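Chains as they are written, first to last, in my numbering: chain A, 1 to 512; chain B, 1 to 275.
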C-alpha cells in the first residue's frame, strides 16, 4: 500500500514526497494531510509548520516567556545547529507581543537583577548584550560586605581576580526587552501564543509490540508528542516542553514533579533610591534580621534589597517615605552597631609573612556607604524561600530557571543560575541535534539535569549556609563570622576563589 | 561441557569455550552473513530494542559516540557543512544489521535516505513500528534481508554502515566483500566491532555479561571478535581502504561513552571504496 507522507517544514525545501511500504495497516485508508488555508497566529504566507489534523506542531514549546524563557529562545536562535527548530513561546504577558518602549527618563524599576560575568558572556554570545547596553545598566567592580557587629568587613575588587567587573546591575524589564529585540532581529521560526497553559499531556510509553490497532500514522505521531492545551482553547503539539514559568510553575505541577525546600521566615523589600552622587560600588550589610543590599543601577540611583521579617516588611512597605529613607540610612550605616575599624594591612609580624598573597584591596579602608536622600519608586515586598525540584527532566519535559530552583537573594545568584540552565540546555539540545537524536528523549535531557543539578545544589547549599550563619546573633558565632570576613579580605587565594565562583566561572565551589 | 572442550583442536579455543554457555558454533552455508544461533539470540531480545533500561541500554548509551564519529568522518568525506542540522541530505545510506533502528533513525534525522536491513524479521517489525512515531523516521525503508541479497539486486549506496554486526556473522571476509559491493565507488564504508583482546574479553564478556549483566550471557563470543589489523586487511582485500579508526571508552561516573584513540576494546573504522 503506498501512501504520501507530508512532512514538516524541516524538509520542505528539498524534499519530494516519497513512497514507503508498510508491513501492516494495509486496510487503513490512504491519508493525505494538507495545510489548512487559514492560519491562527503570526505566520508568514510561505507556511511555517505543516498542520497535522489542523493542530500546530512545534519542535520546542517554551512555557513562560520571561527573562529565562526568552534567553533560551535566543540561545537556540543563535546556534547554527538549532536555528532551524520551530519554537512556540506561551506567555500571556502583553509585553511580549507589542513590547512597550522603555523610556529613558523613567526612574529605575525596583525589580533588578545583578548579572554575573558568566551571564554577560552568554548574552554577548547570543547577541543580546548590545541591546542591554543601549538602556540603563550599571557595571560595578567593587563590593563591600560587613555586618552589624562591626568586627570585620571584606572589600572585593574585580582587580583581585584579574577581572574588569564583578557584575552588572540591570533592570529586569531591560533584560527582557533586550532578549525580545534580539529574538525579533533573528530570522528564527518562533511563534508567540499570548495565552496560558491550562493542561499538558506527556506521552508515557513510546512503542509497544505490534498490537493490531489500526490507527493512522498521523495520530500515532501525535500520541508520541507532548500535547499542550492552552486556556484560549487552542492546542499544540511539541517534541519538547520547556517549563520556564517561574517558581509556581504550572508545567512542573502538571508533570507531577515534587519539590524540596522551605520558607525562610523572611521577606524582601525592594525599591529604588537616590544619592547625591553616583554610586559605583555594591554594598551589603548583614543585620540581625537579614541583610540589606545597596546596588548601583545607574545615574545617581541605587536599588535596595532589604531582607527582614514578614511583619517588618509590611510595616516598611506602608510607612511614609521620609521615615523609610531614615530607616534605610539607619540600616546601612548609623544603626544596629558600630562601623568596622579599617584594618589596613601592614606593620605587624603577620603582614611580612603573608605579603606575597595579599590582595590589593586589603589596603582599602572601610568606607561607609553613600547616604540615601530620596525614595524614587514604589516599595515591593515578597516572601523568600528555598525550593528545588526533585527532577529537572522527564520524558519530553524539562525545567529551567525559577521553575527548577529558587534561592535567597543574598548573593544575587538566582537568575544567574537560571541563565546557567539556559546555556547548558541549549548546548545539550544542539549536541542532540548534531547526532540526530529526538530532542525530547529523556536520556538526552538527563544529561542537562546531571550537569545543572550538581552545580545548582552546590550553589544553593552555599547560599543557604550563609543565610543560616547570618541569622544567628550569638557571641562565638559573631566572632567566627568576623574571622571569616577578615580572612576573606586578607587571603588572596580565598578571595579569588570567592569572586570567581560568584562570577559564574566555576560550577562548583572549593575545587580549583 | 568438558567433552566439548576436549573435542576442540586448539587449546586457546578450549579455554575460551570453557567459559561459554551452551552455544555451539554451527556454520551454515546458506549465506555468508547468516549464523542461525546468532539470529536466534537476537530474535529473543527483539521486544526490548527501544526499552532504554533494557538489555540494549549500553548500545543506546554508545549511540551518540558512534554517530559523532560517523557524522564527523562522513561530513568531511562528502564535503558537507558540519554545522548543518541535516548534513546528509541527498545521500543514500544503508544500515546493515539495523536491529530496532537505533542507528537508522538518527541518520534519517540527519537528512540521509536510509535503508535498514536485518535478518531477524522481528527486528524489522519493531523498527518499523518505532519509526512510524516520527514523520522524519517513517521515511526509512526497512527490509528483512541480507547484504548478499542486496548485492544481487545490484543496489549501491553512498555509505554502507555495519555497526556491531561483523562479530556475529559466520564468514567475515565474504561479508566485507558484500559491504564493498554495496558501496558506490568512492563511497564510504563504516564498520564497528569489538577487538579480540584480553581487555575486550574482560570488559565485554566478563564484565558486561556476567558481572554487570548488561547483556544476556552469550551475546558475544570472543573467538568471533576481530582485531583492527584483521579488519583493515579484510577490507583492503575487498577494495576498501580504511582511512580513520577510533575507539570507544566508557566513563562509569557519568555513564557516557566517548570517542578515544584507544582501539583495544571497541572500535569503529571508516573506509573509502577504491574507485
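Virtual Cβ for every residue (Gly too), placed ideally from N, Cα, C. Quick caveat: nothing in here was measured; it's all calculated off a predicted structure.
Beta-carbon proximity list for residue i, same chain, < 7 Å, skipping 5 on both sides
| i | result |
| --- | --- |
| residue 401 of chain A | 68, 244, 418 and 421 |
| residue 488 of chain A | 154, 494, 495 and 498 |
| residue 127 of chain A | 78 and 182 |
| residue 460 of chain A | 386, 388, 405 and 407 |
| residue 128 of chain B | 142 |
| residue 186 of chain B | 272, 273 and 275 |
Which residues DSSP lists as bridging residue i, in chain order
| i | result |
| --- | --- |
| residue 260 of chain B | B:247 |
| residue 183 of chain B | B:157 |
| residue 382 of chain A | A:268 |
| residue 162 of chain B | B:191 |
| residue 262 of chain A | A:386 |
| residue 240 of chain B | B:273 |
| residue 237 of chain A | A:57 and A:227 |
| residue 374 of chain A | A:274 |
| residue 470 of chain A | Residue 470 of chain A pairs with nothing; no bridge assigned. |
| residue 143 of chain A | A:156 and A:282 |
| residue 168 of chain A | A:115 and A:139 |
| residue 176 of chain B | DSSP, once it has assigned bridges, lists no residue as partnering residue 176 of chain B. |
| residue 92 of chain B | B:113 |
| residue 243 of chain A | A:63 and A:399 |
| residue 266 of chain B | B:194 and B:248 |
| residue 118 of chain B | B:144 |
| residue 192 of chain A | A:89 |
First through last residue of the alpha helix (DSSP H) which encompasses residue i
| i | result |
| --- | --- |
| residue 148 of chain A | Neither: residue 148 of chain A is in no alpha helix (DSSP H) and is coded neither H nor E. |
| residue 506 of chain A | Per DSSP, residue 506 of chain A belongs to no alpha helix (DSSP H) and is neither H nor E. |
| residue 487 of chain A | 475-490 |
| residue 184 of chain A | 172-185 |
| residue 69 of chain A | 67-78 |
| residue 36 of chain B | 36-45 |
| residue 75 of chain B | 57-78 |
| residue 203 of chain B | Per DSSP, residue 203 of chain B belongs to no alpha helix (DSSP H) and is neither H nor E. |
| residue 121 of chain B | 121-131 |
| residue 250 of chain A | 250-254 |
| residue 131 of chain A | 129-132 |
Spatial neighbours of residue i in its chain, beta-carbon cut-off 8 Å, leaving aside the 5 residues before and after
| i | result |
| --- | --- |
| residue 260 of chain B | 246, 247, 248 and 249 |
| residue 230 of chain A | 90, 193, 195, 196, 197, 198 and 236 |
| residue 251 of chain B | 257 and 258 |
| residue 515 of chain A | Lying outside 1 to 512, the shown extent of chain A, residue 515 of chain A is not represented and no answer is given. |
| residue 225 of chain A | 57, 203, 237, 238, 239, 396 and 440 |
| residue 426 of chain A | 72, 75, 76, 79 and 82 |
| residue 378 of chain A | 110 and 271 |
| residue 413 of chain A | 116, 407, 459, 463 and 502 |
| residue 157 of chain B | 92, 93, 94, 115, 182, 183, 184 and 187 |
| residue 132 of chain B | 138 |
Residues near residue i by beta carbon distance below 6 Å, same chain, minus five either side
| i | result |
| --- | --- |
| residue 175 of chain A | 67 |
| residue 518 of chain A | In this structure chain A extends from 1 to 512, so residue 518 of chain A is not present and cannot be described. |
| residue 423 of chain A | 122 |
| residue 37 of chain A | For residue 37 of chain A, the predicted model reports a pLDDT of 37, less than 50, meaning its position is unreliable; a value from the coordinates is still stated below. Contacts found: none. |
| residue 376 of chain A | 107, 272 and 274 |
| residue 298 of chain A | 136 and 138 |
| residue 214 of chain B | 58 and 208 |
| residue 307 of chain A | 266, 268, 290 and 291 |
The ligand NAD heavy atom lying under 7 Å from the CB of residue i
| i | result |
| --- | --- |
| residue 62 of chain A | Annotation note on the ligand NAD: not contained in the displayed structure, which lists no ligands. |
Terminal residues of the beta strand (DSSP E) in which residue i lies
| i | result |
| --- | --- |
| residue 108 of chain B | Per DSSP, residue 108 of chain B belongs to no beta strand (DSSP E); it is in the alpha helix (DSSP H), 104-109. |
| residue 197 of chain A | 197-201 |
| residue 88 of chain A | 87-90 |
| residue 141 of chain B | 141-144 |
Selection of the stretch 222-248 of chain A by Cβ proximity to chain B, strictly under 7 Å:
224
Quick check for students: name the residue ranges of the beta strand (DSSP E) that lie wholly in the stretch 398-463 of chain A, counting only runs of 3 or more.
none
Could I get the ranges of all uninterrupted beta strand (DSSP E) runs contained in the stretch 272-352 of chain A, with 3 residues as the minimum, in chain order?
281-287, 290-298 and 301-308
Check distances from the C-beta atoms of the stretch 431-448 of chain A to those of chain B and list, in chain order, the residues that come in under 7 Å.
433, 434, 435, 436, 437, 438 and 443
What are the residues of the stretch 248-266 of chain B that lie near chain A, defined by any Cβ-Cβ distance shorter than 9 Å?
Contact annotation: in the stretch 248-266 of chain B, residues whose CB is within less than 9 Å of a CB in chain A are 254, 255 and 256.
Of all the residues that make up the stretch 54-75 of chain A, which are near chain B by a beta-carbon distance shorter than 8 Å?
none
Of the residues that make up the stretch 76-97 of chain A, which ones have a beta carbon closer than 7 Å to any beta carbon in chain B?
80, 81 and 84
Closer than 8 Å, Cβ to Cβ, to anything on chain A: give me those residues from the stretch 60-90 of chain B, in chain order.
60, 61, 63, 64, 67, 68, 71, 83, 84, 85, 86, 89 and 90
Give me the subset of the stretch 128-144 of chain B whose CB atoms are less than 7 Å from a CB atom of chain A, sorted by chain position.
Against chain A - using a Cβ distance shorter than 7 Å - the residues of the stretch 128-144 of chain B are 128, 129, 130, 132, 133, 134, 135, 136, 138, 139 and 141.
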